[in-house]
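Written out below as structure tokens is the structure these notes cover.
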Amino acid sequence: MDFTGGAMVAVLKLVSICVCRQDSFRKNKEDLNAYQAAHQLVMTPTPLEFLSYLFGLGNLLAGPFFEFSEYKEFIELKGPWPRGASRPMPKALGHGLLALLEGLWHMGVYLALTLSGWSMEHYHSVWYYSQPLAIKCAAICVIGLVYQLRYYFSWKITEASYVFAGLDFMGYDPATNKPQWGRCRNCNFLGVWLADSARNVPLNWNICTGKFLRRYVYERVTPRNRKPGFQSLLFTQLVSAVWHGLYAGYLMFFAGTAIWIYFSQILYKTEAYLPAAIQKNLLYRAIKIIWTTFVLNYMACAFQLLDYKASMEAYASVHYFPFILMLVVNVLGSFIKPKRRSKPPTGPGEAINVGANGEFSIGGKT
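Residues in the sequence shown are numbered consecutively from 600, following our numbering.
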């Protein structure tokens with residue numbers, strides 16, 4: 600891994616500190632939402648505090664992002680880590696070992712697949728372009744899996760280190776009194792591959808960066824007292840693309856995901872008119888899972904290849920049919936009026952999620 604990974608994580612941490620410090624200077628504190636008010640910094644961190652936060656626990660290269668206020672509470676033994684608490688933090692060994700073993704498992708599968716010849720080079724091979732459409736779609740998913748496994752390995756290893764250190768601990772659930780972990784969880788393999796909507800993928804992939812994008816881009820570019828829409832979503836995705844790097848592939852991928860997420864919003868609106876039996880049908884959900892998995896890995900071709908020409912060739916290999924279908928649905932679906940339906944309760948997580956109205960929300964499905 601080169602220096603860019605560390606630089607990307609450093610940018611997130613530096614921007615968050617600057618914005619949280621700026622929040623403390625606002626004259627109208629009512630302009631701050633609950634999250635912003637909780638994380639505003641009334642004092643500028645000292646150089647030692649900042650460097651400790653930046654290089655915290657040796658995970659600068661892989662992240663994940665977390666708030667400076669949370670890190671300071673951890674260092675000073677406040678919040679969920681108070682001195683002399685009646686219920687101290689539980690033992691972290693077992694939970695940390697599970698994260699470590701999962702990371703090693705991902706690396707083992709990655710090595711097995713790459714040694715079998717699976718890699719991005721297939722997008723340049725005669726074999727791939729000679730296959731029928733169904734085989735190409737399956738190959739795209741396998742190549743995407745190989746590419747993702749490296750990230751799963753890195754993120755689970757770093758999660759394990761934060762669990763062992765204690766920073767991953769979030770306190771005790773007031774309802775069940777069970778310990779809660781996950782502050783530094785950055786991925787959920789099954790959550791990604793069993794997602795039945797684009798709205799659910801960011802809940803399980805690069806979760807902590809999604810939290811940053813929500814709190815420091817999406818919510819802040821939306822005018823006050825207005826609901827965020829496609830413009831806020833597209834701007835957030837483009838910021839993420841620039842943050843990743845100035846390659847055409849990144850711009851193509853993140854602009855495409857904005858179209859995909861908007862497609863999922865249209866589909867969500869449409870499902871409200873379907874009978875409950877269809878919405879709960881296992882076959883219908885399986886079709887949605889297969890579609891979500893394929894589209895994610897199809898659009899990720901550009902993220903992997905980076906080069907504009909190579910990315911367009913990969914997209915063209917299946918005749919652009921995912922983009923064509925989504926664009927048609929997005930245009931026609933814009934005429935569908937949303938039907939009011941009850942929202943399920945959300946969980947305690949902080950991952951980014953996109954709702955039916957284009958809003959990001961905390962926790963589970965909107």
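Glycine is no exception: its CB is placed at the ideal position from the N, C-alpha and C atoms.
With a minimum length of 4 residues, the unbroken runs of alpha helix (DSSP H) contained wholly in the segment 685-752 fall at 692-714 and 725-728. Distance from the CA atom of Tyr-846 to the CA atom of Leu-676, rounded to whole angstroms, is 42 Å. In this chain, Met-769 is not harboured by any alpha helix (DSSP H); it is covered by the beta strand (DSSP E) spanning 768-771.
Non-local C-beta neighbours of Phe-752 in its own chain, meaning closer than 8 Å and more than five positions away in sequence, comprise Gly-702, Leu-703, His-705, Met-706 and Tyr-709, ordered along the chain. Rounded to whole angstroms, the separation of the alpha carbons of Tyr-919 and Lys-908 is 14 Å. Contact between the segment 762-778 and the segment 733-749 is absent: fewer than 3 CB-CB pairs across the two stretches fall below 8 Å.
The segment 787-796 makes no contact with the segment 725-733: fewer than 3 CB pairs, one atom from each, lie closer than 8 Å. Boundaries of the beta strand (DSSP E) harbouring Gln-779: 778-780, taken from the DSSP string.
Excluding five sequence positions before and after Ser-910, the CB atoms of its chain that fall closer than 8 Å to its own CB belong to Ala-847, Gly-848, Met-851, Cys-900, Ala-901 and Leu-904, given in chain order. Per DSSP, the continuous alpha helix (DSSP H) segment holding Glu-648 begins and ends at 646-653. Here Arg-625 has Leu-631 as same chain residues with Cβ atoms under 7 Å from its own Cβ, once five neighbours each way along the sequence are excluded.
When rounded, the separation of the alpha-carbon atoms in Asp-622 and Leu-793 is 38 Å. Setting aside the 5 residues that flank it on each side, Gly-683 has no residue in the same chain whose C-beta is closer than 6 Å to its C-beta.
DSSP, read as helix, strand or coil, puts Trp-680 in coil. Residue ranges of uninterrupted alpha helix (DSSP H) with 4 or more members, entirely inside the segment 896-922 and ordered along the chain, are 907-915. Here Phe-664 is near Thr-808, since their CB atoms are less than 7 Å apart. In the displayed model, Cys-783 falls within coil according to three-state DSSP, outside both helix and strand. Across the structure, Thr-645 and Thr-821 are spaced so that their CA atoms are roughly 32 Å apart.
If you look at Lys-671, you'll find it in the alpha helix (DSSP H) that goes 667-674. As a beta-bridge residue in DSSP terms, Trp-804 pairs with Cys-786.
Around the C-beta of Thr-757, 16 or more other C-beta atoms lie within 10 Å, and the residue is accordingly described as buried. Around the beta-carbon of His-723, fewer than 16 other beta-carbon atoms lie within 10 Å, marking it exposed.
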